[in-house]
Amino acid sequence: MNKYRSSALFTLIAGLMLSVSVSAQGSSFSSPDVEYSFELPDDRWKMTVKPSATTPNVEYVFGDRTEGHLEVRRLSLPSRGVVSDLIKEEEQKLQFNPGYVAGKEEQFGGFLNGTVFNFEFVRAGRPMAGRFYFLKAAENSVYVLRFTGFRDKLRSIRNQTDSIARTFTVKKR
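Following this line, the structure appears as structure tokens:
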């Protein structure tokens with residue numbers, strides 16, 4: 000009798016874990032209008048800007064824009080240019096945000112390798128953060144995944160931002 004009870008309990012727990020993992024799965028982003036794709040680890044990421052043939056940019060929010068906002072942009076890298084030059088250009092623009100404080104840069108690897116730039120700032124009296132992934136796609140192109148949101152919220156979804164950046168890839172033509 001005890002064997003049956005523990006076996007039934009194990010089956011019930013395994014079934015619950017499976018249903019939780021299935022419901023927590025995300026989706027994929029891909030569009031014929033852009034040359035990149037990536038995986039979204041959670042269904043709470045909703046597209047707010049759809050790419051088109053004229054504008055290859057895409058934007059997503061995680062529930063609410065303040066909880067997590069993602070912009071994907073492609074930047075051109077000058078010949079013999081390095082990614083750190085693009086990071087410096089972005090940082091010069093960010094310095095005008097109130098309360099701007101630069102964070103550290105980290106090396107990052109996924110389908111594309113690159114650098115992550117972290118920073119903090121203030122918006123409407125609330126502490127915000129940014130985590131920008133600079134992923135080198137080719138000799139002259141870099142994709143920037145710009146994540147911003149409330150500092151604590153962005154920290155809490157860092158595993159998701161890392162996952163999106165790790166799965167970001169350029170489609171083969």
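The C-terminal residue of the sequence shown carries number 172 in numbering that gives the first Met the number 0, and the numbering is unbroken. Backbone N, C-alpha and C fix where the C-beta goes; we use that ideal spot for every residue, glycine too. Computed from a predicted structure; not experimentally measured.
- Here DSSP, grouped into helix, strand and coil, assigns K171 to coil.
- For D151, the enclosing alpha helix (DSSP H) begins and ends at R150 to S155.
- The residue from I86, K92 and Q91 with its alpha-carbon nearest to that of E105 is I86.
- Looking from the CA of F118, the closest CA among P126, S30 and V141 belongs to P126.
- For Q91, the uninterrupted alpha helix (DSSP H) run begins and ends at V82 to L93, by DSSP.
- In the structure shown, the three-state DSSP call for S162 is helix.
- R72 has V143 as its beta-bridge partners, per DSSP.
- With contacts defined by Cβ atoms closer than 7 Å, T47 and V33 do not form a contacting pair.
- Taken through DSSP and simplified to helix, strand or coil, T65 comes out as strand.
- Shown here, S29 sits in a strand according to DSSP, grouped into three states.
- In the structure shown, the three-state DSSP call for P126 is strand.
- W44 is the residue among W44, P55 and T54 whose C-alpha sits nearest the C-alpha of H68.
- Shown here, A137 sits in a strand according to DSSP, grouped into three states.
- Within 10 angstroms of the beta-carbon of E89 lie 16 or more other beta-carbons, which makes it buried.
- Annotation: N139 to P77 spans about 6 Å, alpha carbon to alpha carbon.
- Burial check for R79: the Cβ neighbour count within 10 Å stays below 16, so the residue is exposed.
- In the three-state DSSP reduction, F110 falls in the coil class, being neither helix nor strand.
- F167 is classed as buried because its beta carbon has at least 16 other beta carbons within 10 Å across all chains shown.
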